[in-house]
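Student: Handing you this structure, nothing more for now.
Protein chains: 2
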Amino acid sequence: MSSIREVARRSGVSVATVSRVFNTPEVVSQQTRQLVLDVAAEIGYLPNESARTLATKKSNMVGLVWDTDHRRPGWRHPFLQDILVALKSALSAHGLHLLMLAPDQSPGQSRFLRAVQRHNVDGVVIIDNGSRDPAVLALADAGVPCVALDLRFTGPACTYITSDNAGGGRLAAQHLIERGHRRIATITGPLPTYPAVERLEGFCQVLSEAGLELAGSPAGDWYLESGYTAMKELLSTDPRPTAVFAAGDEMAVGALRAADEAGLRVPADVAIVGFDDIEVAALIPPGLTTVAQDKTGIGTAAAESIMSMLTDATTPLAPIILPTSLIIRGSS
Amino acid sequence: MSSIREVARRSGVSVATVSRVFNTPEVVSQQTRQLVLDVAAEIGYLPNESARTLATKKSNMVGLVWDTDHRRPGWRHPFLQDILVALKSALSAHGLHLLMLAPDQSPGQSRFLRAVQRHNVDGVVIIDNGSRDPAVLALADAGVPCVALDLRFTGPACTYITSDNAGGGRLAAQHLIERGHRRIATITGPLPTYPAVERLEGFCQVLSEAGLELAGSPAGDWYLESGYTAMKELLSTDPRPTAVFAAGDEMAVGALRAADEAGLRVPADVAIVGFDDIEVAALIPPGLTTVAQDKTGIGTAAAESIMSMLTDATTPLAPIILPTSLIIRGSS
DNA sequence: TACGGTCTTGAAACCGGTTACATAGGGGCG
DNA sequence: CGCCCCTATGTAACCGGTTTCAAGACCGTA
Numbered sequence: 001m002s003s004i005r006e007v008a009r010r011s012g013v014s015v016a017t018v019s020r021v022f023n024t025p026e027v028v029s030q031q032t033r034q035l036v037l038d039v040a041a042e043i044g045y046l047p048n049e050s051a052r053t054l055a056t057k058k059s060n061m062v063g064l065v066w067d068t069d070h071r072r073p074g075w076r077h078p079f080l081q082d083i084l085v086a087l088k089s090a091l092s093a094h095g096l097h098l099l100m101l102a103p104d105q106s107p108g109q110s111r112f113l114r115a116v117q118r119h120n121v122d123g124v125v126i127i128d129n130g131s132r133d134p135a136v137l138a139l140a141d142a143g144v145p146c147v148a149l150d151l152r153f154t155g156p157a158c159t160y161i162t163s164d165n166a167g168g169g170r171l172a173a174q175h176l177i178e179r180g181h182r183r184i185a186t187i188t189g190p191l192p193t194y195p196a197v198e199r200l201e202g203f204c205q206v207l208s209e210a211g212l213e214l215a216g217s218p219a220g221d222w223y224l225e226s227g228y229t230a231m232k233e234l235l236s237t238d239p240r241p242t243a244v245f246a247a248g249d250e251m252a253v254g255a256l257r258a259a260d261e262a263g264l265r266v267p268a269d270v271a272i273v274g275f276d277d278i279e280v281a282a283l284i285p286p287g288l289t290t291v292a293q294d295k296t297g298i299g300t301a302a303a304e305s306i307m308s309m310l311t312d313a314t315t316p317l318a319p320i321i322l323p324t325s326l327i328i329r330g331s332s
Numbered sequence: 333m334s335s336i337r338e339v340a341r342r343s344g345v346s347v348a349t350v351s352r353v354f355n356t357p358e359v360v361s362q363q364t365r366q367l368v369l370d371v372a373a374e375i376g377y378l379p380n381e382s383a384r385t386l387a388t389k390k391s392n393m394v395g396l397v398w399d400t401d402h403r404r405p406g407w408r409h410p411f412l413q414d415i416l417v418a419l420k421s422a423l424s425a426h427g428l429h430l431l432m433l434a435p436d437q438s439p440g441q442s443r444f445l446r447a448v449q450r451h452n453v454d455g456v457v458i459i460d461n462g463s464r465d466p467a468v469l470a471l472a473d474a475g476v477p478c479v480a481l482d483l484r485f486t487g488p489a490c491t492y493i494t495s496d497n498a499g500g501g502r503l504a505a506q507h508l509i510e511r512g513h514r515r516i517a518t519i520t521g522p523l524p525t526y527p528a529v530e531r532l533e534g535f536c537q538v539l540s541e542a543g544l545e546l547a548g549s550p551a552g553d554w555y556l557e558s559g560y561t562a563m564k565e566l567l568s569t570d571p572r573p574t575a576v577f578a579a580g581d582e583m584a585v586g587a588l589r590a591a592d593e594a595g596l597r598v599p600a601d602v603a604i605v606g607f608d609d610i611e612v613a614a615l616i617p618p619g620l621t622t623v624a625q626d627k628t629g630i631g632t633a634a635a636e637s638i639m640s641m642l643t644d645a646t647t648p649l650a651p652i653i654l655p656t657s658l659i660i661r662g663s664s
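Residue numbers (my numbering), protein chains in the order written: chain A, 1 to 332; chain B, 333 to 664.
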């Protein structure tokens, strides 16, 4: 394997000069630089990242903390793939790699922190379920630059990216009111979590501004079954609501099914609006009206935030709240 | 930051001994071992992976080559998330991390190879689109241990994991024949690709064994629109088929929509069977009968294959063909 | 008592980079 | 001409581990 000393030897310069050619080319003379580059190309020299990391304590790797194991075993982030694509390509463009961190073997509060330290990971992107894992919080305490998604995550070098959940809730309410509905209910997410709380608040705010009261607000857990159950509950009230805002698309699909089984037509008998704009929303008849999150924007913003923290870790970064948009389909 | 020399100093042994405590504990005496472990725990010592990698040329990282950028920009692997979960947790259990490789900046045939070499990645998992990227093939030529998914990928240290596509095609055909259909058509995937070819072959084999001929076989590109178009084409023939096997679930959803728009009832007027078992299949009315791939099995098998190559790179590994299963829902 | 073997440990070279510091050469200016 | 500054480069220490080789301690045996 060709090393920097080999390149130095062959081009008759010192290793320091070769190193400079690759790191601070502007300080080395034009001819020397070209000579070294030619030699390097000829023997296929590639700087060894481990050695570089060892010397500089910068790895050019961003950690991804994505909690797959404990907690609800099968939890799916609704659009992980879209976020990953955006995140990865934005990072790649700046020569950064994404390391999916396996939590350190031995248990304890710093499972992730240990992995971060061992690998000299420069910063971390956190994709979590909304609840607060102490092992994740330990990262913030240790001063590791962190960007969290869908999770208010604060600390000296931390920030977070989230959709404008409250605004999305307002969009949904406005839409349903404009459509002439007066008896409007909602199916919330699990209430301790921020997205659930904020969507609900935004939604209620517009309703009360219009002088309306919520016609029911059972809570779900984001998953389909809970939406189905909640919808059945709502449909059994009398008078039943003419419109329902489900705070997540999966629950909205469950609600659609419940409406269907109850013999109700959507949107004629009951209108349904979801939140997220997952793939299914466009595919399922009659098409789910939903508040769309900017998936690519989230991934890109995460990449940009992390990169800006890497170049300047001192100035704290403001959270980024991405706008949501209403996508009107057949269900409302 | 605490280094191995610090531990050595505090416990009054040499660095070599400390290193042994962590790598080959059986060769160091019980008391010394305990002493070193205590000291290490006390000062929070963690071995630095970069230094370790530099010395051993093993990084404990598996590269993930997942082609997001070129080609169809938005291509989605139908169940990336499931594969990732299984892959990651199987690797984690053995202390391996997953590095999502950004192709090297400068272009050329070895974009990925360069990234692999710079980072001393031990092996690579390839999730590709089915077509053959020379930059990916360069990995195999260079002798990097590779496991490819859904892609027949061979070489000295390469193997691949795939579902039994032909078997799945047969399952679909048997099911439709059992249901009494005689005029049966299929919507294939893009035909140069292996999954498309094999699903078609398996399907046709059973049909011809039953003395039936294919009532049409337009090709799609895996995406919804193409399934929609192909289905319209099939429905315009006379007599039209009474059953259609779409080689991918997204295309099957498109086919469902076309049938719906043509005023046909599914499955009464026309039965539809898909392939993959993506999330939507269970959600969309009337429920899509489909040939399910073992998503978790694929991820787990990939992890196991790569790990076995890491421990023994000499004996070539046989490809793994995972069984498929028919999931009967409302559409057939 | 001398010898060989096993177990445990230490010294030092090595992996492949970066960088602080020193140095040499060239140009401008008083 | 002498001095100073600036540019281009080299020397060598350092990052934090692993591993080869040698050596000391202790044992049993002839």
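Cβ coordinates follow ideal geometry from the N, Cα and C atoms, glycine included.
1) Return the chain-ordered list of same chain residues with a C-beta closer than 6 Å to the C-beta of HIS507(B), the five sequence neighbours on each side being excluded.
2) Would you say the beta carbon of SER89(A) comes nearer than 6 Å to a heavy atom of the ligand SAM?
3) Can you find a CB in chain A that lies within less than 7 Å of the CB of HIS426(B)?
4) What are the boundary residues of the beta strand (DSSP E) that PHE245(A) is part of?
5) Indicate the three-state DSSP secondary structure (helix, strand or coil) for SER50(A) in the structure shown.
6) Would you say GLU338(B) faces chain A, with C-beta separation under 7 Å as the test?
7) Am I right that LEU171(A) and THR186(A) are in contact with their C-beta atoms under 8 Å? What's the rounded C-beta distance?
8) How about ALA51(A): is its C-beta nearer than 7 Å to some C-beta of chain B?
9) When you check each C-beta in the segment 596 to 626 of chain B against every C-beta of chain A, which residues fall closer than 8 Å?
10) Within 7 Å (strictly less), CB to CB, does GLN34(A) reach chain B?
11) Could you tell me which of ARG515(B), GLY395(B), LEU416(B), PHE411(B) sits nearest to VAL468(B), measuring between CA atoms?
12) Just the Cα atoms here: how many angstroms apart are GLY248(A) and VAL612(B)?
13) Do the segment 313 to 332 of chain A and the segment 357 to 365 of chain B meet, that is, are 3 or more Cβ pairs less than 8 Å apart?
14) Let me know the secondary structure DSSP gives GLY521(B) once reduced to three states.
15) Between VAL347(B) and the rest of its own chain, which residues show a CB-CB distance below 6 Å, the 5 nearest in sequence each way excluded?
16) Taking C-beta to C-beta, are LEU256(A) and ILE272(A) nearer than 7 Å?
17) Using 10 angstroms around the beta-carbon of LEU483(B), count the other beta-carbons present and answer buried if the total reaches 16, otherwise exposed.
18) Kindly indicate which residue of ALA447(B), GLY440(B), VAL448(B) has the alpha-carbon position closest to the one of PRO466(B).
19) Among ALA138(A), VAL291(A), THR56(A), HIS181(A), which one has its Cα closest to the Cα of PRO241(A)?
20) Any beta carbon of chain A sitting closer than 7 Å to that of VAL585(B)?
21) Nearest to ASP342(B) by alpha carbon, out of TYR377(B), MET639(B), ARG352(B)?
22) Does HIS429(B) have its Cβ less than 7 Å from a Cβ in chain A?
23) Closest by CA to THR520(B), which one among VAL417(B), VAL479(B), GLY548(B)?
24) By DSSP, does VAL136(A) sit in helix, in strand, or in coil?
25) Measuring straight from C-alpha to C-alpha, what distance separates MET393(B) and ASP592(B)?
26) Could you give the distance in angstroms between the alpha-carbon of PRO316(A) and the alpha-carbon of ALA301(A)?
27) What do you reckon, are the CB atoms on GLY274(A) and THR296(A) nearer than 7 Å?
28) Would you say MET432(B) reaches chain A, if we count a Cβ-Cβ gap shorter than 7 Å as a contact?
29) How far does the alpha helix (DSSP H) with ALA230(A) in it extend, from its first residue to its last?
30) Give the single residue among ASP67(A), SER89(A), THR324(A), ILE43(A) whose Cα lies nearest to the Cα of SER421(B).
31) Measure the CB-CB distance between SER495(B) and GLN413(B) and report whether it falls below 7 Å.
32) Using a C-beta cutoff of 7 Å, does HIS119(A) count as contacting chain B?
33) CB GLU530(B) to CB ALA489(B), shorter than 7 Å?
34) Using a beta-carbon distance below 7 Å, is LEU54(A) in contact with chain B?
35) In chain order, which alpha helix (DSSP H) runs of at least 4 residues are fully inside the segment 95 to 182 of chain A?
36) Just checking my contact of LEU386(B) with LEU54(A) at CB under 8 Å: how many whole Å lie between their CB atoms?
Tutor: Considering the structure as presented:
1) LEU658
2) With respect to small molecules bound, the structure shown includes none, and the ligand SAM cannot be examined in it.
3) no
4) 243 to 246
5) helix
6) no
7) In fact, because the Cβ distance is near 13 Å, the residues do not count as touching under 8 Å.
8) yes
9) GLU611, VAL612, LEU615, ILE616, PRO617
10) no
11) GLY395(B)
12) 15 Å
13) no
14) coil
15) ILE336, ARG337, ALA340
16) yes
17) buried
18) GLY440(B)
19) HIS181(A)
20) yes
21) It is worth fixing the name first, because residue 342(B) is Arg in this sequence and not Asp. For the residues TYR377(B), MET639(B), ARG352(B), the minimum Cα distance to ARG342(B) belongs to TYR377(B).
22) yes
23) With distances taken between Cα atoms, THR520(B) lies closest to GLY548(B).
24) helix
25) 49 Å
26) So the two alpha carbons sit approximately 15 Å from each other.
27) no
28) With a threshold of 7 Å between beta carbons, MET432(B) makes contact with chain A.
29) Its alpha helix (DSSP H) spans residues 224 to 235.
30) Selected option, being the one with the closest Cα: ASP67(A).
31) In this structure, GLN413(B) does not lie closer than 7 Å to SER495(B) by Cβ.
32) Chain B, which has a Cβ nearer than 7 Å to the Cβ of HIS119(A), makes this yes.
33) Against a cut-off of 7 Å, the Cβ pair of ALA489(B) and GLU530(B) comes out as no contact.
34) The Cβ of LEU54(A) sits closer than 7 Å to at least one Cβ of chain B.
35) Every alpha helix (DSSP H) of 4 residues or more that sits fully in the segment 95 to 182 of chain A is shown, in chain order, as 111 to 119, 134 to 141, 165 to 178.
36) 6 Å
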